[in-house]
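Be aware that the sequence shown starts at 87, since it is given in my numbering, and climbs by one per residue.
One structure is given below, encoded as structure tokens.
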Amino acid sequence: MPKIAKILLVLVLLLIIGAAFVITWRIYFPQKEEQGKTSQILPQIKTNRQSEDNFKFAVCGDPHSNWTVYQKVLKSAEQKGIKFLVNLGDLTRVGAGSEYYEGKKIMAEFDYPIYLLMGGHDLVGQGEKWYHKYFGEDYGSFNQGKAHFIFLNNADQKLGIPQEQLKWLDSDLAQNDLPLVFVFLHQPIGFPYASPKTVGYLTTQSQESAQDLIGILKRYPVKTVFAGHLHTYLPYEFEGISVIITGGAGGPLYQVPFLEETPFHYVLVNVEGEQFDSEMVEIK
Ligand SMILES: [Fe+2]
Numbered sequence: 087m088p089k090i091a092k093i094l095l096v097l098v099l100l101l102i103i104g105a106a107f108v109i110t111w112r113i114y115f116p117q118k119e120e121q122g123k124t125s126q127i128l129p130q131i132k133t134n135r136q137s138e139d140n141f142k143f144a145v146c147g148d149p150h151s152n153w154t155v156y157q158k159v160l161k162s163a164e165q166k167g168i169k170f171l172v173n174l175g176d177l178t179r180v181g182a183g184s185e186y187y188e189g190k191k192i193m194a195e196f197d198y199p200i201y202l203l204m205g206g207h208d209l210v211g212q213g214e215k216w217y218h219k220y221f222g223e224d225y226g227s228f229n230q231g232k233a234h235f236i237f238l239n240n241a242d243q244k245l246g247i248p249q250e251q252l253k254w255l256d257s258d259l260a261q262n263d264l265p266l267v268f269v270f271l272h273q274p275i276g277f278p279y280a281s282p283k284t285v286g287y288l289t290t291q292s293q294e295s296a297q298d299l300i301g302i303l304k305r306y307p308v309k310t311v312f313a314g315h316l317h318t319y320l321p322y323e324f325e326g327i328s329v330i331i332t333g334g335a336g337g338p339l340y341q342v343p344f345l346e347e348t349p350f351h352y353v354l355v356n357v358e359g360e361q362f363d364s365e366m367v368e369i370k
């Protein structure tokens, strides 16, 4: 083969490889900006005490990119007339940009705000970067009616909750004067059947920060803590704090020892003034 033909062949091959690389990159790491309405965590901090006191909200967790079930959850919650929905994390399986993009696209189809926490799976690879790109801040609070809502990021099982966030939580709770306080986490606190198999391998640091968190929560009138991570439904009491685990929005359901397997589901909370009740809503 003449030398010029060889050079041309190499150039064509390089071009093909380059094009394949760019296409693959665009598929896995879409650069498009958000579509439609945003469903960012904490799009605004509401302090308007005149807002309506009677409302419903939904809580779900752990879709793990199972968009079929997740869409059913969002649709069902919409039909219940909710004011907003909280997703307790693990939106994705491996924290990929394409998963975040798809999840956000689905969430943007709904008219109500959706607040997304970060979960352990969402941290994989460049996950944290994609989370911030598509959903913004990873902790904060807002008021609705007579209730104060707090979102935290305790997704990392090795680090637990950073001290900076705990400090913020303490001052946030100190400033709050509303009677109802709901806290949202990814990792549950005081899970009664805790074992490495169910909650994962925690470090001394994450266990200490969990103790610090519990200490702060106990000093204030926190009514209920919602947590995901475990793909089941389980309400329990821990040191005077009511905890509800809900992780049934699409990820593989698993059997927690001693407990019955629960179906795909979310939790619907009905707030009336200073009173509230909650129920598990099954998804078929
Ligand atoms: Fe999960």
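Just so you know, even glycine gets a beta-carbon here, dropped at the ideal spot from N, CA and C.
Since this is a predicted model, take the numbers as computed values, not measurements.
**Prompt:** Nearest-angstrom Cα distance between E120 and S227?
**Reply:** Within the sequence shown, residue 120 is the residue found at index 34, counting from 1. Within the sequence shown, residue 227 is the residue found at index 141, counting from 1. In this prediction, E120 scores a pLDDT of 41, lower than 50, which makes its location untrustworthy; no coordinate-derived value is stated.
**Asked** Does DSSP put E164 in a helix, in a strand, or in coil?
**Response** In the sequence shown, residue 164 corresponds to position 78, counting from 1. The answer is helix: DSSP assigns E164 an H, G or I state.
**Request:** With a 10 Å radius around its C-beta and 16 neighbouring C-beta atoms as the bar for buried, classify D148 as buried or exposed.
**Result:** Counting from 1 along the sequence shown, the entry for residue 148 is found at position 62. By the 10 Å Cβ count, D148 comes out buried.
**Asked** Taking a cut-off of 5 Å, which residues have a beta-carbon closer than that to any heavy atom of ligand 2, in chain order?
**Response** Annotation note on ligand 2: not contained in the displayed structure, which lists ligand 1 as its ligands.
**Item:** Touching by the beta-carbon criterion (3+ pairs, under 8 Å), the segment 295 to 305 and the segment 332 to 341
**Value:** no
**Asked** On the three-state DSSP scale, how would you describe D197?
**Response** Position 111 of the sequence shown, counting from 1, holds the residue named residue 197. Three-state DSSP puts D197 in coil, outside helix and strand.
**Item:** Close Cβ partners of G359 (< 8 Å) along its chain, the five nearest in sequence each way excluded
**Value:** Start at 1 with the first residue of the sequence shown, and residue 359 comes out as number 273. The residues are D139, N140, G231, K232.
**Request:** Closer than 7 Å by C-beta to G167: which residues in its own chain qualify, once you throw out the five before and the five after it? Chain order, please.
**Result:** As a working note, residue 167 is residue 81 in the sequence shown. If we look at G167 and ignore the five residues flanking it on each side, its Cβ neighbours are K142.
**Prompt:** If we count the other Cβ atoms within 10 Å of its Cβ and call it buried at 16 or more, is F107 buried or exposed?
**Reply:** Locating residue 107 in the sequence shown gives position 21, counting from the first residue. When all chains shown are included, F107 counts as exposed.
**Request:** Figure out for me which residue from N173, W153, K304 has the closest Cα to the Cα of L238.
**Result:** Position 152 of the sequence shown holds residue 238. Comparing Cα positions, the closest option is N173.
**Request:** Report yes if the C-beta distance between I331 and L316 is below 7 Å; otherwise report no.
**Result:** Within the sequence shown, the letter at position 245 stands for residue 331. Within the sequence shown, the letter at position 230 stands for residue 316. A contact, by the Cβ cut-off of 7 Å.
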